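*Asks:*
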Amino acid sequence: MANSGTVKRHTFGVLLIIVASAGFGTLAIFGKFAEAAGLNTTTLLAFRFTIAAGLLWIGLAVLGRARRLPPGQLKVAFALGVLYASFSALFFWALLYIPAGVAAIAFYTYPAYVYAISVSFLNEQLTRLKLIALVVAVVGVALIVGGDTVSIDPFGISLILLAALGYALYIAGSRAALGSIAPDLLAGVVLIATSISFAGFGLVSGRLFVPVGGQQWGIILGIAVVGTALPIFLYVTGLEHIEASQASILGTAEPLVTVILGVALLDEVVTPAVAVGGALVLLGVALIQTDAAGEVRTPQ
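Numbering-wise, full-length UniProt numbering puts 14 at position 14 of the sequence shown, and it's gapless, one number per residue.
Given below as structure tokens:
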């Protein structure tokens, strides 16, 4: 009976992570919809993170997991939130130049950055397998960038790779913070800090406005609920049932979902070079993550 219960918990955890990854995979699609609907990045992300933060904290309160962080931990979480806002802005800025599917695949190189940072600054051992994985992922990105010079804008790819680097720095910082802060609480405070960052920037720059019409509000609610709050909650819950390394590998479903939705909803074309490059990126990431440490998963 105990073994049967363990298997069921593991299966449940796997399903939660897959659904969460699919939710994260809608982010770039909503970004493209927002562009077509006249929503600028600042307004989209300010409302997205404000609504998502509110929903996540409501969920934590219902489950009895909401609590106030000590001042020192709060400062760390807010600092991570500001970093989060920075790379999130880069990601959605890049969507103005490159297809959603390509953006998702290129962004998913972040585990390679995480590993490089861990080896360089956190005394993690450089293994032959992971070195091969890094090379495979880099070759994959090179194929994506060089395989279609018409629709793949190098500037957009540069923005995405900078966003991936920012996310890697965020993960490195969050891993250190997880020694004293629960993952769900850290994600909740990060969302608050991120929403404050975008709202503040929007007010100062004059780029923040109240969305109008059902189309704009539908996009904002979609990205806040389907692409942010719900997948974060499912991902954190899933980590209670399976190991973080397994969750990271299952997360490779995220860019695949983006590519499929991009083809189905945005008429994006996946060239052979992008398909092969994307497969190499996902293969490299899967190899790197086979024995990866835990991380706090929040959307870009």
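The beta carbon of each residue, even a glycine, is placed where N, CA and C say it ideally should be. All values reported here derive from a predicted model rather than from experimental measurement.
(1) I'd like to know if the segment 15–31 and the segment 61–81 are in contact, where contact means that at least 3 CB-CB pairs between them fall below 8 Å.
(2) Residues in the same chain with beta-carbon distance under 7 Å from Ala28, minus the five sequence neighbours each way, listed in chain order, please.
(3) With burial defined as no fewer than 16 other Cβ atoms inside 10 Å of the residue's Cβ, what is the status of Lys75: buried or exposed?
(4) I need the DSSP call for Thr127, collapsed to helix, strand or coil.
(5) How many Å lie between Ala227 and Gly25 at the Cα?
(6) In chain order, which alpha helix (DSSP H) runs of at least 4 residues are fully inside the segment 43–111?
(7) From Val270 to Leu143, what distance separates their C-alpha atoms?
(8) Which value, in whole angstroms, describes the spacing of the CA atoms of Ile98 and Asp267?
(9) Note the first and the last residue of the continuous alpha helix (DSSP H) segment covering Glu268.
(10) What do you get for Lys130, buried or exposed, if any count of 16 or more other CB atoms within 10 angstroms of its CB means buried?
(11) Taking the alpha helix (DSSP H) that Ala187 falls in, what are its first and last residues?
(12) Kindly indicate which residue of Tyr115, Phe92, Ala116 and Val225 has the alpha-carbon position closest to the one of Phe198.
(13) For Ala293 and Val212, I'd like the C-alpha separation in whole angstroms.
*Replies:* In short, the structure shows the following:
(1) no
(2) Leu95, Ala100, Ala103, Ala104 and Thr258
(3) exposed
(4) DSSP places Thr127 in coil when its eight states are reduced to three.
(5) Reading the sequence as shown, one finds Gly at residue 227 and not Ala. Going by the C-alpha atoms only, they are around 7 Å apart.
(6) 71–94 and 100–107
(7) Distance between the alpha carbons of Val270 and Leu143 is about 13 Å.
(8) 13 Å
(9) No alpha helix (DSSP H) holds Glu268; DSSP gives it neither H nor E.
(10) buried
(11) Pro183 to Ser205
(12) Phe92
(13) In this predicted model, Ala293 has a pLDDT of only 46, less than 50, meaning its place in the structure is not dependable; the value taken from the coordinates is given anyway. Roughly 43 Å between the two C-alpha positions.
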